[in-house]
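Respectively, the protein sequence lines represent chains X and C.
Here the first sequence is numbered in numbering that gives the first Met the number 0, starting from 0 and rising by one per residue.
Here the second sequence is numbered in numbering that gives the first Met the number 0, starting from 0 and rising by one per residue.
Here a beta-carbon is modelled for each residue, glycine too, at the ideal position from N, C-alpha and C.
Protein chains: 2
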Amino acid sequence: MRNFTEQSITDAALGRITSECDPRLREVMTSFIRHLHEFVRETRITPEEWFKGIAFLTECGTFCDDKRQEFILLSDTLGVSMLVDAIANPSAPGVTESTVLGPFFRENPPIIANGGDLAPGIAGKRVDIDCRVTSEDGAPIAGAQIDCWQSSPDGFYDSQMGDGSAHNLRGRLTSAKDGRFWFNTTLPAAYPVPHDGPVGALLRAMGRHPMRPGHLHFWVQAPGHRQVITHLFVKGDPYLESDAVFGVKDSLVADFGSQDGPRTKVHYDFRLKKAA
Amino acid sequence: MRNFTEQSITDAALGRITSECDPRLREVMTSFIRHLHEFVRETRITPEEWFKGIAFLTECGTFCDDKRQEFILLSDTLGVSMLVDAIANPSAPGVTESTVLGPFFRENPPIIANGGDLAPGIAGKRVDIDCRVTSEDGAPIAGAQIDCWQSSPDGFYDSQMGDGSAHNLRGRLTSAKDGRFWFNTTLPAAYPVPHDGPVGALLRAMGRHPMRPGHLHFWVQAPGHRQVITHLFVKGDPYLESDAVFGVKDSLVADFGSQDGPRTKVHYDFRLKKAA
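Here's what the structure looks like:
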């Protein structure tokens, strides 16, 4: 096959996939190639524009290291991460909804006892977190594992502070007999996603801001139940309507109490779906 | 806006583009976001698969440097580069057709006088190249600038040899009064595109080979005419029907003469479209 036209080249590219290809990879690549070609045809991308696109991806690559993932950031800010999440974790009545994992989760967080401090040495308004893990029928789950992580009041995660090696503003808790887990920390603030790279430049070019509303991340796992990766968002945050990564759901907006005074608190029940 | 579903998130992402966005960027990003979301919905991409995709792009980034461009290779092998070329340079009767630039073009090549050697010190069958640059009406064009580059008989470009700093198997010529330019070189061989990286792994997973048929690259520019970036392919090459980058056009397949004997030759006329 040769002499491809702008129409015939798509079938030519698809036709190259052989019977040696895994059926799922064939399905994914067939759809990907079709949509990528259709995008180019529809927009009449010029060679100069295509090189700009190649340069953009290349620059995303140079920004990636063990603490920065520019391609996840691109996926997040184009709404793809939340779309993948929506497909994997459709909302179900009585079950806590999920949202994006984000790029700041880290393995091996500090173990925090109930009543402990998630943000030792971090200045800012303190908040008492008092939550519960239950099954979808409301029965408390003891021994659930809860990873929690958040940004500082200045809007930075631990990996963005100093040399990034210290673990802070994160920890792993275990729910008590009544399903409760509790700790204190600083009130999370709204912050921008990293916007000093190509994704930040793209957001600016589209006239978009990079802000996320203040939130705490939770990853809750319990035997016999489906895990949930989610956030609690701070009620009243001005960016709830325009989260740069499209992560906000009404059911995840929690009342952190009055913003006045030195201390505030929040209650929330995480309800997990029973495993099939 | 919040509580996005897998359907509503696409309009939400498009709705974030503001009036500050350049109209062309808006057009391109709107189509890109639509097709990317539709690809994810259509194939029901799982979070695990999406992370594999992110890891693939990240690995492409780590393979890029000043001599290797894995994203261009991805574009080439998925047929997108030839699609962009087909849109920019539609075939016109009596005008030499274009094909991919490829990743091996370099600025500031050696200047070669007519009759000179493009491949000094390179062993292999020699071929005398005797070509002409004319206008679409057949009138010879004197003083045209011709960049030519090619792989060695072993299938390597100069940038892939030694430390990659030497310029060889490439040069810049100027057409004589009668439009002719001529030089001698080695017969180019079929070779694989770089396949030790993620794009090579993707080709293997799709059951595809990485080979390109033997060819010489030409970039011909002349005042008052539209430039052409193209190849001459070696007639009889076994990979003409399955070029890994979809670049072959019948009009660019040239008779390099008998493959027997120590020396062979090729004639070709490059016909340029008059500038509008």
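Just list the residues that DSSP pairs residue i with in beta bridges.
i	result
Met-210 of chain C	C:Pro-191
Pro-139 of chain X	X:Thr-133
His-224 of chain C	C:Lys-273
Lys-170 of chain C	According to the sequence displayed, residue 170 of chain C carries Gly and not Lys. According to DSSP, which records beta bridges pairwise, Gly-170 of chain C is partnered with C:Cys-147.
Phe-217 of chain X	X:Cys-147, X:Thr-229
Ile-121 of chain X	None; Ile-121 of chain X has no bridge partner.
Gly-115 of chain C	C:Phe-182
Thr-262 of chain C	According to the sequence shown, residue 262 of chain C is Arg rather than Thr. Answer by DSSP bridge pairing, in chain order: C:Arg-125.
Tyr-267 of chain X	X:Cys-130
Ala-253 of chain C	C:Val-233
How many angstroms separate the CA atom of residue i from the CA atom of residue j?
i	j	result
His-285 of chain X	Ser-18 of chain X	Beyond the ends of chain X as shown, which are 0 and 275, falls residue 285 of chain X; an answer cannot be given.
Val-132 of chain C	Gly-60 of chain C	39 Å
Val-27 of chain C	Arg-15 of chain C	14 Å
Asp-84 of chain C	Glu-135 of chain X	56 Å
Leu-77 of chain C	Val-39 of chain X	12 Å
Gly-142 of chain C	Lys-176 of chain C	7 Å
Pro-109 of chain C	Glu-106 of chain X	53 Å
Asp-236 of chain X	Asn-2 of chain C	16 Å
Phe-70 of chain X	Glu-58 of chain X	10 Å
Leu-117 of chain C	Pro-187 of chain C	12 Å
Thr-170 of chain C	Gly-163 of chain C	Contrary to the premise, residue 170 of chain C reads as Gly rather than Thr in this sequence. C-alpha separation (whole angstroms): 16 Å.
Thr-173 of chain C	Phe-180 of chain C	7 Å
Gly-52 of chain X	Leu-201 of chain X	11 Å
Gln-149 of chain C	Leu-72 of chain C	17 Å
Phe-182 of chain C	Val-265 of chain C	11 Å
Phe-31 of chain C	Asp-10 of chain C	13 Å
Arg-211 of chain X	Gly-115 of chain X	27 Å
Arg-54 of chain C	Phe-62 of chain C	According to the sequence provided, residue 54 of chain C is Ala. The question's Arg does not apply to it. If you take the alpha carbons of Ala-54 of chain C and Phe-62 of chain C, they lie about 13 Å apart.
His-194 of chain X	Phe-232 of chain C	46 Å
Pro-22 of chain X	Gly-196 of chain X	37 Å
Lys-124 of chain C	Cys-20 of chain C	56 Å
Lys-234 of chain X	Phe-255 of chain X	7 Å
Ile-8 of chain C	Thr-29 of chain C	13 Å
Asp-249 of chain C	Thr-95 of chain C	11 Å
Phe-103 of chain C	Asp-157 of chain C	9 Å
Ala-253 of chain X	Tyr-267 of chain X	7 Å
Leu-168 of chain X	Arg-207 of chain X	28 Å
Gln-209 of chain C	Gly-223 of chain C	The residue asked about is misnamed: residue 209 of chain C is Pro in this sequence, not Gln. Whole-angstrom Cα-Cα distance: 38 Å.
Alpha carbons only, please: which of the options is nearest the one belonging to residue i?
i	options	result
Thr-112 of chain C	C:Ser-97, C:Ile-128, C:Val-99	According to the sequence shown, residue 112 of chain C is Ala rather than Thr. Comparing Cα positions, the closest option is C:Ile-128.
Gly-199 of chain C	C:Thr-29, C:Asn-2, C:Asp-75	C:Asp-75
Ile-121 of chain X	X:Cys-147, X:Thr-29, X:Phe-155	X:Phe-155
Ile-228 of chain C	C:Leu-239, C:Leu-251, C:Phe-38, C:Leu-168	C:Leu-251
Ile-145 of chain X	X:Glu-240, X:His-34, X:Glu-48, X:Leu-215	X:Leu-215
Pro-288 of chain X	X:Gly-178, X:Gln-149, X:Pro-108, X:Met-160	Residue 288 of chain X is absent from the structure shown; chain X starts at 0 and stops at 275.
Pro-92 of chain X	X:Gly-137, X:Ser-7, X:Met-205, X:Pro-261	X:Gly-137
Gly-161 of chain X	X:Leu-100, X:Asp-195, X:Lys-66	X:Lys-66
Thr-263 of chain X	X:Ala-189, X:Gly-206, X:Thr-185, X:Asp-242	X:Thr-185
Pro-261 of chain C	C:Leu-231, C:Val-126, C:Leu-201, C:Asp-249	C:Val-126
Glu-47 of chain C	X:Ser-80, X:Gln-68, X:Thr-29, X:Arg-169	X:Ser-80
Ala-274 of chain X	X:Arg-33, X:Cys-20, X:Phe-3, X:Arg-225	X:Arg-225
Ala-221 of chain X	X:Leu-82, X:Lys-248, X:Leu-271, X:Glu-240	X:Leu-271
His-230 of chain X	X:Ser-30, X:Ala-204, X:Phe-269	X:Phe-269
Leu-100 of chain C	C:Ala-118, C:Phe-245, C:His-34	C:Phe-245
Ser-151 of chain X	X:Trp-49, X:Arg-43, X:Tyr-190	X:Tyr-190
Ala-87 of chain X	C:Ile-44, C:Arg-23, C:Ile-86	C:Ile-44
Lys-192 of chain C	C:Ala-253, C:Phe-50, C:Ser-241	The sequence given here places Val at residue 192 of chain C; Lys does not occur at that position. When each option's Cα is compared against that of Val-192 of chain C, the closest is C:Ser-241.
Ser-97 of chain X	X:Ala-54, X:Cys-147, X:Trp-218	X:Trp-218
Thr-243 of chain X	C:Lys-234, C:Thr-4, C:Ala-12	As written in the sequence, residue 243 of chain X is Ala, which differs from the Thr given in the question. It is C:Ala-12.
Pro-89 of chain X	C:Cys-147, C:Gln-159, C:Gln-6	C:Gln-6
- Query: For the segment 180–211 of chain X, which residues have a beta carbon sitting closer than 7 Å to at least one beta carbon of chain C?
  - Reply: Ala-204, Met-205, Gly-206, Arg-207
- Message: By the 8 Å beta-carbon criterion, what residues does the segment 51–76 of chain C contribute toward chain X?
- Response: Ile-53, Leu-56, Thr-57, Cys-59, Gly-60, Thr-61, Cys-63, Gln-68, Phe-70, Ile-71, Ser-74
- Task: Quick one: which unbroken alpha helix (DSSP H) runs of 4-plus residues sit fully inside the segment 10–75 of chain C? Chain order, please.
- Result: 22–42, 46–62
- Note down, in chain order, all residues in the segment 34–48 of chain C with a beta-carbon under 8 Å from any beta-carbon belonging to chain X. His-34, Leu-35, His-36, Glu-37, Phe-38, Val-39, Arg-40, Glu-41, Thr-42, Arg-43, Ile-44, Thr-45, Pro-46, Glu-48
- chain X contacts made by the segment 76–93 of chain C, where a contact means CB separation under 9 Å: Thr-76, Leu-77, Gly-78, Val-79, Ser-80, Met-81, Leu-82, Val-83, Asp-84, Ala-85, Ile-86, Ala-87, Asn-88, Pro-89, Ser-90
- Query: Could you give the uninterrupted runs of the alpha helix (DSSP H) lying entirely in the segment 73–113 of chain X, keeping only those of 4 residues or more?
  - Reply: 79–87
- What residues from the segment 224–247 of chain C come within 8 Å of chain X, judged by C-beta to C-beta, listed N to C? Leu-239, Glu-240, Ser-241, Asp-242, Phe-245, Val-247
- Message: Under 7 Å, CB to CB, which of the residues in the segment 94–123 of chain C have a partner in chain X?
- Response: none
- Message: Please identify, using Cβ separations under 9 Å, the residues of the segment 16–28 of chain C that lie next to chain X, in order along the chain.
- Response: Ile-16, Thr-17, Ser-18, Glu-19, Cys-20, Asp-21, Arg-23, Leu-24, Arg-25, Glu-26, Val-27, Met-28
- Task: Could you list the residues in the segment 141–166 of chain X with a C-beta less than 9 Å from some C-beta on chain C, going in chain order?
- Result: none
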